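Numbering (my numbering), first residue to last: 237 to 830. Virtual Cβ for every residue (Gly too), placed ideally from N, Cα, C. These numbers come from a predicted model, not from an experiment. Notes follow the structure.
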Amino acid sequence: MINSLTKKQQAQLTTGADIVVQTLVNHGVDTVFAYPGGASMPLHQALTRFSDRIRTILPRHEQGGGFAAQGYARSTGRVGVCTATSGPGATNLVTTIADAKLDSIPMIAITGQVATHLIGNDAFQETPIVEICRGITKHHYLVTDVNDISRIIQEALLIATTGRFGPVLIDLPKDVQMATTIPDYNAQLDLPGYPAAIRQGPYFQAKPEQIKQIVSEIHRAKRPLIYAGGGIIASNASDALRKLVARTKIPVTMTMMGLGAFPNDDPLSLDMLGMHGTVYSNTAIYHADLLIALGVRFDDRVTGKVAAFCEHGKIIHVDVDASEINKIKPAHIPIVSDLKYALDELNKIVEPPSDIDPWIEQVQTWKRQEPFRYNEDYPGILAQHAISELCRLARDRDPIITTGVGQHQMWAAQFYRFDNPRTFITSAGLATMGFGLPAAIGAQAAHPNRLVIDIDGDGSFLMNIQELATCFCEKLPVKVMLINNQHLGMVVQWEDRFMQGNRAHTYLGPIDNPEAKGRGNGIGPDRRYPDFVSIAKGFGCGAASIHRKEDLVPAIQEMIAYHGPFVLDIAIPYQEHVLPMIPSGGTVMDTIRE
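Printed below as a string of structure tokens:
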């Protein structure tokens, strides 16, 4: 076949691996998080040939690469791209793909696969990764023809970044990567389920009569409330939301994914709702006569007992994903629409409610009565105090904050005050420990001149601590504020509240310590385990540890000013609980306050 081609045609022959990279470059992808292996070597060779146009960042674990791709995507709104080899490399991406699916993050995961003639033979490092990921991707491909590569990459980019965003998996056998063809970078896409109109703008658009219904309900409401989620941020509708609130004076509460969509310090902000949300936001939902739900999915951590959630109010639910409408909580006015389009249309004609001044006054009273609080007289350092001080010292630089998962994540959501969208990056739906550091790497790669801080816990941090090497070697000056209580704090809290304080493998120190048997106060600030400072310095990072209250502010200042990656290890007590707390399946009436 090749011999029958003209010399010009032969010069145009391109490997499948090069077609992958060229197509990514053609569509604006400038960074790939990629860990090599036998089945993905051709792809990595191609990446070296495009090094002037696309940056390849080498994580130290495939999961780190997947979460870094998410950090890139969440902080920019653009697609994040990660790659891994076949078998264990591919399966190490599974958690990151599931995480992206639950939080609606646009991500492309490209995995190497054994040669096509070996598929199904249990070949070396073979796993059926498409089958494994079938239920956790927005879409997936197994590529068997080199001529399909450019089209499939383009389709994947479109699918990941339109409608409800999500991850797309592309499994690429090694022989297909090495095969050659004359590429068609303008190949017609084969997406019968994706109408062409979706490529020109919002395809799902609220109808004029639906917008008028919202206007009518707002005008009649006496106790309206906006419930804003991650869909506001994903659709770049934060400015439209702020304009709506300015016009109507309707109070706003946010999910954890929605933090930053509306400024925490605005008088009409009720901050976060749900299990560890504010008492005043959960109380307001209970009493609201109109709930305007924007880009949310009525997650169980938000609703608690579904039947009692906003049981006295009418619900308007606007979301781009039709499958979320009426899935958990029936909507009186269900609207499938791109949120920015819907809010822009609403802002053209909406008028303030007729009289909600008493409602606003009541909401402000609730805010004054039960704010987030902690024991400010505690002689050591509490996580809430550390995060509050970090906010005070860093907020004017508009940093990007990432977190791991656990108590520190909830305290960050409670005590850091967010002004802008895409500044709070956390694993919400899947709640994956180990998320914080690699997500910060992705955000830092996308924003080299921004301050990026990972607020992490010792248990969560240990799950991807190897990515400190990526920080140092790739010159990514990520800061880590480590909230170290020597325990799996959130599980400890549930043990204390619901299991009579019995410790079931939640202590992370040496087993010969009294705390391993449920007694004592841990191993103490002077000999914590492991030695995170030595570990961080071993990776080439700056590091310090503190346990005295008077050292907190200087240490945070040192961390922020440090020229490279830095780990600040802060000793806190393990007995502290995240409050308030609505027990799983409970209502605002069941709130634990102390």
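Whole angstroms is fine: what's the gap from residue i's alpha carbon to residue j's?
| i | j | result |
| --- | --- | --- |
| Lys785 | Arg296 | 35 Å |
| Trp647 | Asp420 | 51 Å |
| Ala309 | Gly252 | 25 Å |
| Ala771 | His741 | Note on residue identity: the sequence assigns Ile, not Ala, to residue 771. Rounded to the nearest angstrom, the two C-alpha atoms are 24 Å apart. |
| Arg631 | Gly821 | 35 Å |
| Pro324 | Ala345 | 14 Å |
| Leu241 | Val404 | 35 Å |
| Thr332 | Thr662 | 12 Å |
| Pro657 | Phe498 | 8 Å |
| Leu687 | Thr638 | 11 Å |
| Ala752 | Gly745 | Note that Ala752 scores a pLDDT of 48, beneath 50, so its modelled location is shaky; the value from the coordinates is reported in the next line. Going from the Cα of Ala752 to the Cα of Gly745 covers about 8 Å. |
| Ala351 | Ser559 | 37 Å |
| Ser311 | Thr489 | 21 Å |
| Asp502 | Gly496 | 11 Å |
| Asn422 | Thr250 | 15 Å |
| Ile806 | His783 | 6 Å |
| Glu597 | Asp787 | 40 Å |
| Gln729 | Val814 | 8 Å |
| Asp535 | Glu731 | 23 Å |
| Lys244 | His263 | 26 Å |
| Asp580 | Leu480 | 9 Å |
| Val315 | Val538 | 27 Å |
From the DSSP output, in three-state form, read off residue i for me.
| i | result |
| --- | --- |
| Lys753 | Low per-residue confidence applies at Lys753: pLDDT is 48, beneath 50, and the placement is therefore not dependable, though the value from the model is reported in the following sentence. Lys753: helix per DSSP, three-state reduction. |
| His723 | strand |
| Val803 | strand |
| His376 | strand |
| Cys318 | strand |
| Gly758 | With a pLDDT of 46 at Gly758, under the threshold of 50, the modelled position of that residue is not reliable, and no figure is offered here. |
| Ala351 | coil |
| Thr398 | coil |
| Gly274 | helix |
| Val688 | strand |
| Ala423 | coil |
| Gly778 | strand |
| Ile406 | strand |
| Pro342 | coil |
| Met669 | coil |
| Gly616 | coil |
| Tyr308 | helix |
| Asp335 | helix |
| His644 | helix |
Mind checking residue i: buried by the 16 CB within 10 Å criterion, or exposed?
| i | result |
| --- | --- |
| Ala797 | exposed |
| Ser322 | buried |
| Asp288 | exposed |
| His548 | exposed |
| His568 | exposed |
| Arg387 | buried |
| Ser452 | exposed |
| Pro801 | buried |
| Gln246 | exposed |
| Phe401 | buried |
| Thr397 | buried |
| Arg764 | buried |
| His553 | buried |
| Asn518 | buried |
| Gln736 | exposed |
| Phe697 | buried |
Can you check whether the CB of residue j is closer than 9 Å to the CB of residue i?
| i | j | result |
| --- | --- | --- |
| Lys458 | Pro589 | yes |
| Thr292 | Phe269 | yes |
| Gly467 | Val542 | no |
| Gly678 | Gly640 | no |
| Asp557 | Ala529 | no |
| Pro816 | Glu612 | no |
| Gln413 | Val261 | no |
| Val265 | Leu393 | yes |
| Leu724 | Gly300 | no |
| Gln441 | Tyr577 | yes |
| Glu812 | Asn721 | yes |
| Gly348 | Ala334 | no |
| Gln643 | Ile561 | no |
State yes or no: is the C-beta of residue i nearer than 8 Å to some heavy atom of the ligand MG?
| i | result |
| --- | --- |
| Phe608 | This structure does not include the ligand MG; it has no bound ligands of any sort. |
Within 9 Å (strictly less), CB to CB, does residue i reach chain C?
| i | result |
| --- | --- |
| Val769 | Among the chains of the structure shown, chain C does not appear; only one protein chain is present. |
Check your understanding: Would the stretch 328-340 and the stretch 691-709 be scored as touching if the rule is three or more Cβ pairs under 8 Å?
Key -> no
Check your understanding: Below 8 Å, can you find three or more Cβ-Cβ pairs linking the stretch 662-679 to the stretch 622-630?
Key -> no
**Study point:** Three or more C-beta pairs below 8 Å linking the stretch 508-522 and the stretch 648-656
**Key:** yes
Check your understanding: Are there three or more Cβ pairs, one per stretch, closer than 8 Å when the stretch 678-694 is compared with the stretch 503-510?
Key -> no
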